[in-house]
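Numbering (our numbering), first residue to last: 78 to 464.
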């Protein structure tokens with residue numbers, strides 16, 4: 078299966094199980110592959126082919142099962158164009174129909190089938206969102222050696238709650254630069270068949286290259302990596318914190334104008350997961366309330382909400398926290414001590430901290446006598462938790 082690649086008598090070949098098998102000149106399978114062989118263009122090409130074939134098979138199975146559950150009508154042309162689809166549909170119990178499903182309405186996203194052939198005599202049919210299909214055509218031809226040979230409409234609607242892949246979202250955000258966007262994320266490992274592995278040392282090298290060559294894509298890539306690390310959890314959580322902070326810094330450096338509701342939601346999400354660095358919060362306060370700025374009541378409310386969400390333990394308090402809130406409150410024309418009082422009323426029951434603590438946070442937070450702004454109920458609750 079597949080063309081064999083040979084270097085100085087050593088060979089590499091893709092077997093029927095989609096594994097790349099390396100052998101020495103005597104035909105013995107290698108347990109360890111020399112770097113010079115692994116780094117050869119022919120071997121890298123085999124691994125790209127392997128990734129495409131395994132990713133395609135995996136995607137076809139998942140998609141066929143989803144169609145079976147939804148009762149989606151699938152055209153016979155799809156099964157006839159690609160044995161991987163035929164097997165996936167058979168396994169899922171989906172019976173293709175001879176007549177194609179009716180075409181979606183003009184305002185609905187539709188899946189369009191693209192059949193590609195590889196120089197190693199492999200063929201696959203991919204289902205792509207129509208607006209992005211031609212960009213993927215050019216990309217897989219230049220980067221993955223797959224040439225477009227056929228295309229046909231499927232009539233299959235894209236479910237409304239299905240989000241485009243990250244490369245497609247990036248293309249949509251940069252009209253006219255779609256190919257540049259695809260090339261930028263391909264270096265990280267994003268493709269039609271997968272996403273990057275979360276090896277921080279490798280990712281940081283790729284990020285440095287992106288910052289130097291195509292910085293316009295840097296904030297979005299950092300945000301996507303932050304989300305991936307947050308979802309992975311464990312040891313990757315701290316990396317999520319760093320990538321989120323770097324994404325916001327990159328936006329400021331590029332003077333990017335963002336949707337404030339989207340940005341507030343991002344801060345809230347990372348605060349909820351304990352992945353919002355003190356530096357990111359302080360930078361947000363400076364961003365909202367530079368000298369002479371006017372902050373809206375909603376912006377003030379969202380900022381205070383993020384401060385509250387971020388506090389999971391006493392260690393999440395930082396010395397300038399009350400000062401940051403006062404700064405934003407003044408810019409909003411609000412009473413700074415009332416805002417600090419609301420902050421304390423929310424976090425004291427959560428952490429069980431005592432107002433008599435000697436921590437620098439408390440020294441700053443209490444210097445304005447915010448408790449004078451508390452309601453009798455807030456005083457009662459905080460007295461209970463402070464002892």
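Glycine included, each C-beta is placed from N, C-alpha and C at the ideal position. Here the structure is a predicted model, which means the values were calculated and not measured.
Pick helix, strand or coil for residue i, following the three-state DSSP scheme.
i, result
"residue 203", "strand"
"residue 106", "strand"
"residue 360", "helix"
"residue 258", "helix"
"residue 83", "strand"
"residue 93", "coil"
"residue 121", "helix"
"residue 239", "coil"
"residue 316", "helix"
"residue 78", "Low confidence applies here, because residue 78 scores a pLDDT of 45, under 50, leaving its location unreliable and the question unanswered by this model."
Please name the residue, chosen from the options, that lies closest to residue i on a Cα-to-Cα basis.
i, options, result
"residue 338", "262, 376, 320 and 352", "376"
"residue 235", "195, 276, 188 and 249", "188"
"residue 421", "139, 282, 404 and 442", "442"
"residue 95", "440, 269 and 199", "199"
"residue 426", "91, 398 and 389", "389"
"residue 246", "277, 206 and 270", "206"
"residue 465", "334, 89 and 139", "Because the chain is modelled from 78 through 464, residue 465 falls outside the range shown and cannot be assessed."
"residue 290", "258, 278 and 314", "258"
"residue 294", "347, 282 and 260", "260"
"residue 255", "278, 214 and 83", "214"
"residue 347", "315, 369 and 327", "315"
"residue 150", "212, 440, 170 and 118", "170"
"residue 160", "130, 146 and 212", "130"
"residue 158", "369, 416, 225 and 311", "225"
"residue 123", "250, 242 and 197", "197"
If you drop the 5 nearest sequence neighbours on each side, which residues of the same chain put their C-beta closer than 6 Å to that of residue i?
i, result
"residue 217", "223"
"residue 227", "192"
"residue 297", "247"
Distance check for residue j and residue i, CA to CA, integer angstroms please.
i, j, result
"residue 253", "residue 209", "12 Å"
"residue 128", "residue 263", "13 Å"
"residue 284", "residue 359", "24 Å"
"residue 331", "residue 345", "23 Å"
"residue 325", "residue 317", "13 Å"
"residue 413", "residue 444", "12 Å"
"residue 142", "residue 132", "16 Å"
"residue 204", "residue 240", "15 Å"
"residue 108", "residue 173", "44 Å"
"residue 424", "residue 378", "15 Å"
"residue 272", "residue 398", "37 Å"
"residue 89", "residue 80", "9 Å"
"residue 394", "residue 98", "54 Å"
"residue 387", "residue 327", "22 Å"
"residue 144", "residue 428", "48 Å"
"residue 175", "residue 153", "5 Å"
"residue 432", "residue 401", "For residue 432, the pLDDT reaches just 46, beneath the cut-off of 50, and the residue's location in the model is therefore unreliable, leaving the point undetermined."
"residue 334", "residue 340", "10 Å"
"residue 134", "residue 418", "57 Å"
"residue 244", "residue 202", "19 Å"
"residue 232", "residue 156", "15 Å"
"residue 280", "residue 265", "7 Å"
"residue 411", "residue 405", "9 Å"
"residue 87", "residue 101", "5 Å"
"residue 148", "residue 212", "30 Å"
"residue 115", "residue 342", "44 Å"
"residue 364", "residue 267", "32 Å"
"residue 282", "residue 238", "34 Å"
Within 10 angstroms of the Cβ of residue i, are there 16 or more other Cβ atoms? Answer buried if so, exposed if not.
i, result
"residue 435", "Bear in mind that a pLDDT of 44 at residue 435, under 50, signals an unreliable position, so the number given afterwards is only what the model happens to contain. When all chains shown are included, residue 435 counts as exposed."
"residue 373", "exposed"
"residue 366", "buried"
"residue 168", "exposed"
"residue 195", "buried"
"residue 278", "exposed"
"residue 85", "exposed"
"residue 121", "exposed"
"residue 403", "buried"
"residue 286", "exposed"
I'd like the list of long-range same chain contacts for residue i, defined as Cβ closer than 7 Å, with 5 residues on each side in sequence excluded.
i, result
"residue 125", "221"
"residue 29", "Coverage of the chain is limited to positions 78 through 464, which leaves residue 29 absent and any answer about it impossible."
"residue 322", "354, 356 and 357"
"residue 184", "In this prediction, residue 184 has a pLDDT of 45, which is less than 50 and means its spatial position is unreliable; nothing more can be read from the coordinates."
"residue 288", "295"
"residue 371", "408"
Who are the near neighbours of residue i in its chain, counting only those whose CB is closer than 8 Å to its CB and skipping five residues on each side?
i, result
"residue 336", "none"
"residue 320", "299, 300, 302, 303 and 306"
"residue 361", "325, 344, 380 and 383"
"residue 438", "394, 395, 396, 398 and 399"
"residue 349", "386"
"residue 270", "128, 129, 131, 132, 133 and 136"
Establish whether the CB of residue i and some CB of chain C are separated by less than 8 Å.
i, result
"residue 126", "In the structure shown, chain C does not exist; there is a single protein chain."
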